[in-house]
Amino acid sequence: MFPGVSDSGISVMATELQKLRSINIYGNDFISDVSLIELSSRCPSLSEIPAWSCSRLTISGINYVIQHCDNLCSLSISINSISSSHAFIESSRSNARNLQCLNLSGNGMCVSDELLYVIGEHNLVLPKACILS
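With UniProt numbering, the residue at position 115 of the sequence shown is 115, and numbering never jumps.
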C-alpha cells in the first residue's frame, strides 16, 4: 500500500467516475503514465489535468493524453528537456484541437527562447498560456 495516490487508485477512480471532467494530480510521485492512459481511456469528458511536478510522468504519457482526450481544454505540466518540448508541441499542434490553456511550469522545467520559437513555429492556437522557468 502506498502512502499516497498511486496508479491503482487512479485506475479504480477512472473506472468508477467515467464522467470525470477535471483531476488535479499535482505533485504526486506515485502516479506514472499508466494513470494518464487510464484517465484518457476511461474518462471521455476529461477536459482539465493539472499535473505539475509529477516526477514519473513522461512525454509519452502526456502525448497519449493529448492524442486521446478530445475534450482536453487545459493542461498543466512540467517538461524536463528541450527535446521533449519539441515532441510535445508537435503532438499538441496535431491533436489538441480544443486546448485553450497550456501551463508549462514546475521543477526542472526547461523553458528557453527555443521552446517559445517552437510554439510560435507550430502555430498553436492558444487563448491562454503560462510559461514559467
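The C-beta atom is built at its ideal place from N, Cα and C for all residues, glycine as well.
- A direct Cα-Cα distance of roughly 13 Å separates I62 from E48.
- Setting aside the 5 residues that flank it on each side, R56 is surrounded in the same chain by D29, F30, I31, S32 and D33, each with a C-beta closer than 8 Å to its C-beta; the list follows chain order.
- A straight-line Cα-Cα distance of about 14 Å links D113 and L104.
- Under the DSSP assignment, L75 falls in the beta strand (DSSP E) whose first and last residues are S74 to I77.
- Secondary structure of R42 (DSSP, three-state): helix.
- Each residue's CA atom was taken as its position, placing P127 and C101 some 7 Å apart.
- Checking the DSSP bridge columns, you'll see N103 partnered with S76 and C130.
- Per DSSP, I49 is not a residue of any alpha helix (DSSP H); the beta strand (DSSP E) it occupies stretches across E48 to P50.
- Under the DSSP definition of a beta bridge, S22 partners with E48.
- The Cβ-Cβ distance between Y64 and I25 does not fall below 8 Å.
- By the neighbour-count criterion, in which a residue is buried when 16 or more other Cβ atoms sit within 10 angstroms of its Cβ, L75 is buried.
- With respect to Q67, R42 sits apart: the two C-beta atoms are not nearer than 8 Å.
- In the DSSP assignment, D70 falls outside any alpha helix (DSSP H) and carries neither an H nor an E.
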